[in-house]
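Everything on this sheet refers to the single structure shown next.
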Amino acid sequence: MLKNSRWYPKAGQGGSTMADRQHNPFANIDIMVPFEFQDEIKRYNEDRVSDDAPFARQVDIWFLALCVAVRLELAPADLPNRKTYKMITGAIFASDPWRIQALTLIAMSRTDDIKIAAEPRRIMSIASDLAAAGLPHVLQMLRDGDGDPIWNLSDNLEEMLRKAA
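Remember, our numbering sits 15 above the position in the sequence shown when you count from 1.
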């Protein structure tokens with residue numbers, strides 16, 4: 016494993032990984048979510064029982080909603096015309112830098128414009144509109160079924176992926 020190799024710096028010995036050096040263009044951009052979903056989003060990440068609250072962070076349910084919207088080819092929601100709340104800033108992506116590339120690639124695919132990579136606010140707007148479109152689907156997946164939310168979500172995601180394949 017790479018972390019055990021002589022090439023991977025040990026804690027306190029300096030050096031950095033590629034993830035540590037990743038530029039986060041979204042660090043100062045707010046992730047906005049429709050206010051109507053706030054309580055339910057919190058419900059699925061604040062409980063101490065992981066089967067009832069399968070998301071460690073609110074941004075995780077937001078990102079899944081974005082992915083569901085992309086997979087189902089949903090039309091983006093129109094967030095500027097809805098009551099929203101600030102979930103968190105894009106600084107959260109520093110802990111998962113691969114999401115930065117994912118957001119950028121999604122925006123490129125939606126606009127057919129590679130130059131959008133230089134427009135982080137526009138990228139976040141597209142991502143937030145898509146996540147808002149996907150949130151009702153994800154929340155419904157968590158509720159639909161006879162099991163705990165995590166198992167309902169798992170079953171419903173599997174079914175969605177099979178249908179969309």
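Built from N, CA and C at the ideal position, the CB exists for glycine as well.
Alpha helix (DSSP H) containing residue i: first to last residue?
i      : result
Pro151 : 135-158
Lys57  : 53-61
How would you label residue i, buried or exposed, when you count the other beta carbons within 10 angstroms and need 16 or more for buried?
i      : result
Pro95  : exposed
Ser110 : exposed
Ser124 : exposed
Gln73  : buried
Leu145 : buried
Trp77  : buried
Ala80  : buried
Met16  : At Met16 the pLDDT is 39, less than 50, meaning the model places this residue with poor confidence; the figure from the coordinates comes in the next sentence. Met16 should be labelled exposed.
Arg114 : buried
Ile129 : exposed
Ala133 : exposed
Ala106 : exposed
Asp161 : exposed
Leu168 : buried
Phe50  : exposed
Leu176 : exposed
Leu150 : buried
What first and last residue would you give for the beta strand (DSSP E) that runs through residue i?
i     : result
Ile46 : 45-49
Across which residues does DSSP place residue i in a beta bridge pair?
i      : result
Ile131 : Per DSSP, none; premise fails for Ile131.
Whole-angstrom Cβ separation of residue i and residue j, contact assumed at under 8 Å?
i      : j      : result
Asp163 : Asp66  : 4 Å
Ile138 : Leu118 : 6 Å
Ala147 : Ala90  : In fact, because the Cβ distance is near 11 Å, the residues do not count as touching under 8 Å.
Ala68  : Glu61  : 6 Å
Gln37  : Pro112 : 4 Å
Met47  : Lys98  : Actually they do not touch by this definition, with Cβ atoms about 10 Å apart.
Leu154 : Phe52  : 7 Å
Val85  : His152 : About 11 Å separates the two Cβ atoms, so there is no contact after all.
Against chain D, with Cβ distances strictly below 8 Å, would residue i count as a contact?
i      : result
Ser169 : Of the protein chains in this structure there is only one, and it is not chain D.
Could you give the uninterrupted runs of the beta strand (DSSP E) lying entirely in the stretch 70-126, keeping only those of 3 residues or more? 99-104
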